[in-house]
Each structure stands twice: as structure tokens, then as C-alpha cells.
Ligand SMILES: NC(=O)c1ccc[n+]([C@@H]2O[C@H](COP(=O)([O-])OP(=O)(O)OC[C@H]3O[C@@H](n4cnc5c(N)ncnc54)[C@H](O)[C@@H]3O)[C@@H](O)[C@H]2O)c1
């Protein structure tokens, strides 16, 4: 039985608890802490956990011995809580975004290594139906060589979203829609196609007058192997849409999965190649999903790794790569220039102290709410989870 402790009992923590409960044969939640202790108590009661409740993570880490600590707090606290949990000999599952600077990411990765512990950062889309299948299809080679990838990370958040105290400031949230929302898709991009070599980007704030950070970003991506990409991130898209489309030398595949293949007539104009479409569909349908999806799937992988079993858990290094690409987007947008990767340790965008002063303050951050009364949040991408 893997003993689990949770730090932070806000909106996303319920998703973690439900994911642990979905595999209660292999893990048990033994403790929860939140600086607002009543939130931890409410979760304990709601899910009938019988866990020990703490108002302070330090005391919890001193008093209990967990095998795995889920960290579900705001971004600026991720580095210090993660390093404390790792030093106290716990494995860690950290919510995204990994941190608020590359220096913090490197510190966490080094601490995990020094203490021989696992650090995994949440990227639940990798375990989400159609995204999982897209990766396997691409890996199989059946769908051809990618030439162009376009990603839509189009969300809708009202200005009320930024009433929460930690959101909407470079110093406390670390970024806007690129870091907080599109990070899932940036991880997908790197998972599917690798790290781009060059980035050119724009960021802006078009609709959130109570937030310092960007609510819109457009990035062009270029790879040394010839692949091109385009990423759009938004918090102002009515109806929301998140998806990926990859044009390969054999057809178009993506999420949502709606493969298309064109072939050229004698004059070069296109006609549909239905036989090839059927081939892609058959290859896609033959891919079976892992038994647990979303957060639960990732947790199952982390538990396997803790037990020393073979696992493809999302590592700290992989999460760092997604974080680095976000910093490159911010650097390009603020310097109005193409940025090449990797970013160097000496780069202003490596450390928070030098990155934050370089970022545009789009608007004055005003909200200071400590929490919303409604606990309901949408975990993006769930519409593409298949039940099979
Ligand atoms: N994977 C996803 O799809 C997804 C979705 C939503 C949020 N998140 C991420 O989860 C994290 C938390 O977001 P949220 O929406 O749950 O925020 P939230 O504000 O609702 O909850 C955060 C909780 O952490 C508590 N907290 C803060 N500092 C603490 C500390 N030092 N010790 C103990 N508790 C502390 C707060 O009191 C609060 O209850 C963020 O990094 C966010 O980006 C991920």
C-alpha cells in the first residue's frame, strides 16, 4: 500500500483524491494539509478518508511518513514545497506548472536525484483517451512523418477567474494562459514531436483588465529537422476548443481524431483517398487505452515507478522542457525576436528575479479573493477521454 499525503486542498485537490480512490487497492490517503485547514477537513469528510489533517505542510512532513506527496498549491509555492517533501524522503507528484522559473525546476530535479526520489509533474493529457492514442499512432510510423503541427489551446475564463489572489501576477502565478493553460499542449507538442529549435511569439492581454499576465499568445515553432509548428493559446475563446492537428507526408491526424488523406489528380488538385483514411482509422482503433486515464493514469504510472516497476511516468526533466519552451515564448514576445533553444543559465529568462522585471504588466492586478465558494472547475480535455 502506497501511503499518500496531499498538500493544498483547493480546486484541483479533489481530482487527485478521486484519482487515488480509483486505485484504492494500491494506495491510501493518510494526511492532508492546507493553510486554510477547514478546506482539508471538508475534503476528509466529503470523501470519508479518515486522514490526519494539518494546517501546516512542514509539520505534516515532519510527523508522517508518506511514500508519495501530491502538491496541489499555487505555482510560486511549488519549488519550496517540493524540495522540502523530497528532502523528507517522499516521492512527489507535483501539479503543473512545474515552477515559476527554470532555476527552480533545476533545483527540484537535483534534489530528487540527491535523495533518490521520484519527481513527477502532472500532465494528465498524456493519459487522456485521444491524446494517448495519437501518440501511439505517431510512434507506430503508420501515420507518416510530421511536416506541420498546429495546436489550439483555446480556453474561456471570465475576468472573475483573476479575482483569486495568486492568479494574474507574474510573481505569484508565473505567467498567463501560455504557462497555466497551454502548458498541457506544450507538453503534448514535445512528447509528440520533440523540442523545437526556434520560437517566434507574440503575447497580449485582450480581455482581462484585472490581470498583469497574457490572456493570448501566438507562437511559431521551427525544428532543425524541417518540422514547423504553430501554437495558439487563449483565455477569450467562447465555446473553448483544444486540439492538435498534424500534417504528415501521409495524411492529417490529430485530436479530435478525424483523419483525412488527400491524393493529387493528374492536374495536382486534390481528391480524397478513402482507402488510406480507412487504414489510419483501423490502426487507431487497434490501439488500446491504459486502464486508468487522466490524473488516475498518471498516478498509476508513478506508483509503478515507486515500486520499481517499468513505468513511463512524466519526469521532472520532461516538465522542465515544457516550462523552458514557455520561457522561450515569453522571451521572444518581449524581445520581438526569434529565440533559439535551449536557454542558457545566464539568460534573464532562467531566473525569476531577472525574468519578472522583463515581462509587460498588461493591467493592474486587482482581485484578492482567498478562494471561491464554488469548487467546480473543468479539467480541460476531458471531452476527448474515451470510455473504451
Ligand atoms: N492539471 C490540471 O488540469 C489543473 C487544473 C487546475 C489547477 N491546476 C494547478 O493546481 C495548482 C493549484 O490550483 P487550484 O486551482 O487548486 O488552486 P486553489 O487556490 O483552488 O487551491 C490551492 C490551495 O493550496 C493552499 N495552499 C497554498 N499554499 C499552501 C501551503 N504552503 N501549504 C498548504 N496549503 C497551501 C491554498 O490555501 C488553497 O486551498 C496550480 O498550480 C494550478 O495550476 C492544475
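In our numbering, the protein residues as written are 56 to 443. Just so you know, even glycine gets a beta-carbon here, dropped at the ideal spot from N, CA and C.
Buried versus exposed call for residue i [16 or more other C-beta atoms within 10 Å across all chains shown]
i           : result
residue 260 : buried
residue 185 : buried
residue 264 : exposed
residue 145 : buried
residue 395 : exposed
residue 364 : exposed
residue 84  : buried
residue 400 : exposed
residue 429 : exposed
residue 312 : buried
Spatial neighbours of residue i in its chain, beta-carbon cut-off 6 Å, leaving aside the 5 residues before and after
i           : result
residue 360 : 173, 366, 368
residue 413 : 389, 403
residue 159 : 134
residue 241 : 377, 380
residue 178 : 242, 369
residue 271 : 259, 261, 289
residue 354 : 74
residue 4   : In the structure as shown, the chain begins at 56 and stops at 443. Residue 4 is therefore absent and cannot be evaluated.
Secondary structure of residue i, DSSP reduced to three states
i           : result
residue 220 : coil
residue 296 : strand
residue 201 : strand
residue 102 : coil
residue 369 : coil
residue 364 : coil
residue 230 : coil
residue 75  : helix
residue 284 : strand
residue 324 : coil
residue 136 : helix
residue 264 : coil
In DSSP terms, what residue i is bridged to
i           : result
residue 88  : 62, 109
residue 393 : The partner list for residue 393 (beta bridge, DSSP) is empty, contrary to what the question assumes.
residue 252 : Beta-bridge pairing links residue 252 to no other residue.
residue 83  : 58
residue 257 : 273
residue 125 : 61, 148
residue 174 : 147
residue 315 : 307
residue 302 : 203, 307
residue 289 : 209, 271
residue 424 : 219
Sequence-distant residues of the same chain with beta carbon closer than 7 Å to residue i, five excluded per side
i           : result
residue 76  : 102
residue 309 : 189, 298, 299, 300, 301
residue 70  : 350, 434
residue 227 : 129, 131, 221
Other residues of its chain near residue i: CB distance less than 8 Å, five sequence neighbours each side excluded
i           : result
residue 296 : 207, 209
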